[in-house]
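Those protein sequence lines, which keep their order, are chains A and B.
Each residue of the first sequence is one higher than the one before, starting from 10 at the first, in the numbering used here.
Each residue of the second sequence is one higher than the one before, starting from 22 at the first, in the numbering used here.
Report on the following structure.
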Amino acid sequence: MSSVAHLPQDPLPIGPRPAPRVLGGQSTAWLRANLFPSIPSGIVTLLLLFVLGKACISLWQWGIANAVWIVPGNDSSACRALRGVGACWAVIPEKYRFILFGTYPFDEQWRPALVVVIFIALFVVSSRRSFWRKELFLLWAAALIAIGCLMWGGFLGLTFVTQDRWGGLPVTLILATFGLAFGFPLGILVALGRRSKLPAIRSLCVLYVELIRGVPLISLLFMASVMFPLFMPDGVNIDKLLRAQIAFILYAGAYLAEVVRGGLQAVPRGQYEAADALGLSYWEKNALIVLPQAIRHVIPPLVNTFIAFFKDTSLVLIIGIFDLLTTAKTAIVDPAWQAFSVEVYVFVGVIYFVFCFAMSRYSRGLEAQRTSG
Amino acid sequence: MTTSTPKRPPTRPWQFSLGDPRVAGLFWQILVVAIAVAIVAFLWSNALHNLSVRRISTGFAFLGREAGMPIADSWIDYTPKNNYLRAFIVGVVNTLRVAVIGIVLATVIGTLVGIARLSSNWLLARFAAVYVEVLRDLPLLLQLLFWYVLMQGLPAARQAWKPVEGVYLSNRGLILPSVPLHEANLWTILAVVAGLIVFYLVRRRLIAQQMLDGKARPAWPYALGLVVALPALVSWLLGASWSITLPELRGFNFVGGLTLAPEYFALLIALVTYTSAFIAEIVRSGIQAVPRGQSDAAKALGLKRSFVLQHIVLPQALRVIIPPMTSQYLNLTKNSSLAVAVGYQDIVSIANTTLNQTGQAIESIALIMMVFLTISLGISLFMNWYNARIALVER
């Protein structure tokens, strides 16, 4: 057995090399790796820190330290004394009812407030995957009808409120939601039409999409507000808000059609052929086989289109409809508060940001789910 | 061996029922076209009736009438005594002025921010991320009004803010030093453009020759000759003067220099920052779409960093970047129509005023649409040409 002795022994396993010793603790290591990895990068960091510091200090001084939060009555003299030095947030408690609900009768403003709550609940429910069932359509129909009833009133002791008194956040939400609720089916039809084999239908759809996408939205809104009455027979007078709503539906339809078309192109041919082989009709094939797959493909770009659309509803300011941005702009026409538009725009900006940021986070979550699963 | 000609598929006789796909197709097409024609005819007859009731004449004859509308900011000669056609041309020039400069600036800033988002410097990447998120999630119109309000809040001309000698920022807008353009200067600029075109052709030939024999031929002597020496010669021969005029405060306003009106400046800032946020995301995703292995392999070959970026990463990233970039350029151009909200007189604003003055709604809106469709078509044609040029050729 001694012969074994001169056989080479198993070499001792070489353990992992100890981690390089880091100067200082964990946080210093992080700082070195992420903020000062090289000299140019370190200089950038220092520069950014300087800018950030300066911006933070001046924002703090303007927005919080020197700001006026509340003023007695409608008296803005305390604000004007501080002009340029501090913000005047007092304009928000003074005007928020007008900014949020426009000229809706003051005592009835719980109704548009409830409408806003219904909208938000509707969005939250629709965003949950477990609620993506047929019943959701019924819920949408019910909610949209309830919203119409609440805004107009005229029954059960609710006073009737005409459309020209609606304003603020509910109008923004109505324009966006109804635009999408009707524009989406329209977009699906147009997308199907654009891929149809029938030349006349296809060219009509192409014409519609390209014409709408080729021009600015405000020219469509001008069309709705100025030209639409010219095209109607005598005596037919459609409300301005409804005309803008129609323009928005047509606009959303064209953009959504292109997104859906992208999804349709991603459905493999075999799926169509299998459906044909089963003898399904055109509508059965699309509704049961093709569209569910196509739409699943394009949910993230759909949400991005929704965000763009939500922001674009603010353009009705140009044709004088009282959406959130218009009420904000009108609120500061009041001579006492004229100088404090920045504060009001910041307030409205926060509202828009909350809605859009929530949607974009949601879209990113969906995308992460899709790539992982 | 018998050669049989392939049998042609049997043609089914037409069955005149909706079960036959051909008949059904024909039926649906006729139905849809009939509905479309009926709607258009209905609207058209209403329009004709309404126009005659309101005594509005149709046609573009109004373009020859005196406009009587003041235009504050115009690059070509215009007085309110000119006709509507000239006013429209001023509007188109103003739209292009915003769109072209906006596209260039937004591309530059967007690319920088997009690269910054991928920086290994944590703070810089965070800065870029916040920039993108905030600008993308606020309506452009809100941003535009915000900038406009800030511009109006700037000090008056007398207390103008002066960061550098000759540059003034006040509620009159941004005033920059300028070089007055005489004829000789224009010829020199023309020479630069011509030199660039010739240089582009020469470079293409040099590359083609290199493809044949593999010898690298430097292009820089041609660049020096065509783009620097030639214009310099032209400038010297024609005696162009390149003196810079500094703006001066005289009385209540500035004299000399180039003035960017507050309306124009606010519109430009809003469009550039808003669009650059979208472009930043496009650039970031484009760079991330290039597999890491590409740059690792190039580094392993010992290529220089700048060479790797210029010849390996960017060409591949551009293929992903160009198509969405095109739609951002189109968006910026279309969004320039928001000028009407701050009173900068672009084509939409001028057409809107014309509409209110003359009642020629159909013609005015048709003009807006025509202008934008033409510009959009131009941008997409150019970008599609560029895209086809850089696209991956699969063999």
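Every residue, glycine too, gets a C-beta built ideally from N, C-alpha and C.
| query | result |
| --- | --- |
| Three-state secondary structure (DSSP) at Thr-280 (chain B)? | strand |
| Would you mind reading off the limits of the beta strand (DSSP E) that contains Gly-194 (chain B)? | 194 to 197 |
| Using a Cβ-Cβ cutoff of 7 Å, what residues of the region 213 to 246 of chain A are near chain B? List them in chain order. | Leu-213, Gly-223, Val-224, Pro-225, Ile-227, Ser-228, Phe-231, Met-232, Val-235, Met-236, Leu-239, Phe-240, Met-241, Pro-242 |
| Any C-beta of chain E sitting closer than 7 Å to the C-beta of Val-113 (chain B)? | Of the protein chains in the structure, A and B, none is chain E. |
| In whole angstroms, what separates the C-alpha of Met-236 (chain A) from that of Val-80 (chain A)? | 46 Å |
| Starting from Arg-238 (chain B) and walking both ways along the alpha helix (DSSP H), at which residues does that stretch end? | Premise fails: Arg-238 (chain B) is in no alpha helix (DSSP H) and is neither H nor E. |
| Got a sec: which bits of the region 257 to 290 of chain B sit with their beta carbon under 8 Å from any beta carbon on chain A, in order along the chain? | none |
| Please report whether the beta-carbon of Met-22 (chain B) lies at a distance below 7 Å from any beta-carbon of chain A. | Residue placement at Met-22 (chain B) cannot be trusted, given a pLDDT of 48 that sits under 50; what the coordinates show is reported in the next sentence. No, its Cβ sits nowhere closer than 7 Å to a Cβ of chain A. |
| In the DSSP output, what is Cys-214 (chain A) paired with across the bridge? | Beta-bridge pairing links Cys-214 (chain A) to no other residue. |
| DSSP beta-bridge partners for Leu-190 (chain B)? | B:Trp-182, B:Leu-195 |
| Report buried or exposed for Val-363 (chain B), applying the criterion of at least 16 other Cβ atoms within 10 angstroms of its Cβ. | buried |
| Could you work out which residues of chain B lie near Val-357 (chain A), taking near to mean beta carbons separated by less than 7 Å? | Leu-163 |
| Look at the alpha carbon of Thr-171 (chain A) and the alpha carbon of Arg-252 (chain A), and state the distance between them as a whole number of angstroms. | 15 Å |
| Identify each residue in the region 355 to 380 of chain A for which the Cβ-Cβ distance to at least one residue of chain B is less than 7 Å, and report them in chain order. | Val-357, Gly-358, Tyr-361, Phe-362, Cys-365, Phe-366, Ser-369 |
| Should Ala-345 (chain A) and Ser-85 (chain A) be called a contact, given that it needs their Cβ atoms to be closer than 7 Å? | yes |
| When burial is assigned at 16 or more other CB atoms within 10 Å of the CB, is Met-346 (chain B) buried or exposed? | buried |
| Please list, in chain order, the chain A residues whose beta carbon lies closer than 9 Å to that of Asp-234 (chain B). | Those within 9 Å of Asp-234 (chain B) in chain A number zero; the least Cβ separation is about 41 Å. |
| Does the distance from the CB of Gly-123 (chain B) to the CB of Leu-289 (chain B) come in under 7 Å? | yes |
| Strictly below 9 Å CB to CB, what residues from chain A border Val-129 (chain B)? | Ordered by position in chain A, no residue passes the 9 Å Cβ test against Val-129 (chain B), which lies about 18 Å from the chain. |
| Below 9 Å on C-beta distance, what does Ile-383 (chain B) contact in chain A? | Met-236, Leu-239 |
| Within 7 Å (strictly less), CB to CB, does Asn-43 (chain A) reach chain B? | yes |
| Within 7 Å of any Cβ in chain A, is that where the Cβ of Val-53 (chain B) sits? | yes |
| Can you find at least 3 beta carbon pairs, one from the region 321 to 340 of chain A and one from the region 280 to 292 of chain A, that sit closer than 8 Å? | no |
| Kindly indicate if chain B contains any beta-carbon less than 7 Å away from that of Thr-186 (chain A). | no |
| Going by the DSSP bridge assignment, what does Val-270 (chain B) pair with across the sheet? | A quick correction: the sequence has Leu, not Val, at residue 270 (chain B). BP columns for Leu-270 (chain B) point to B:Phe-275. |
| Pick helix, strand or coil for Gly-177 (chain A), following the three-state DSSP scheme. | strand |
| Out of B:Asn-405, B:Trp-49, B:Ile-386, which one is the CA nearest neighbour of Ser-205 (chain A)? | B:Trp-49 |
| Would you decide whether Met-232 (chain B) is buried or exposed? Buried here means 16 or more other CB atoms lie within 10 Å of its CB. | exposed |
| If you draw a straight line from the C-alpha of Pro-27 (chain A) to the C-alpha of Ser-140 (chain B), how long is it? | 29 Å |
| Should Phe-257 (chain A) go down as buried or exposed, given a rule of 16 or more other Cβ atoms within 10 Å for buried? | buried |
| Taking the straight line between their C-alpha atoms, what separation do you get for Leu-245 (chain B) and Ile-218 (chain B)? | 14 Å |
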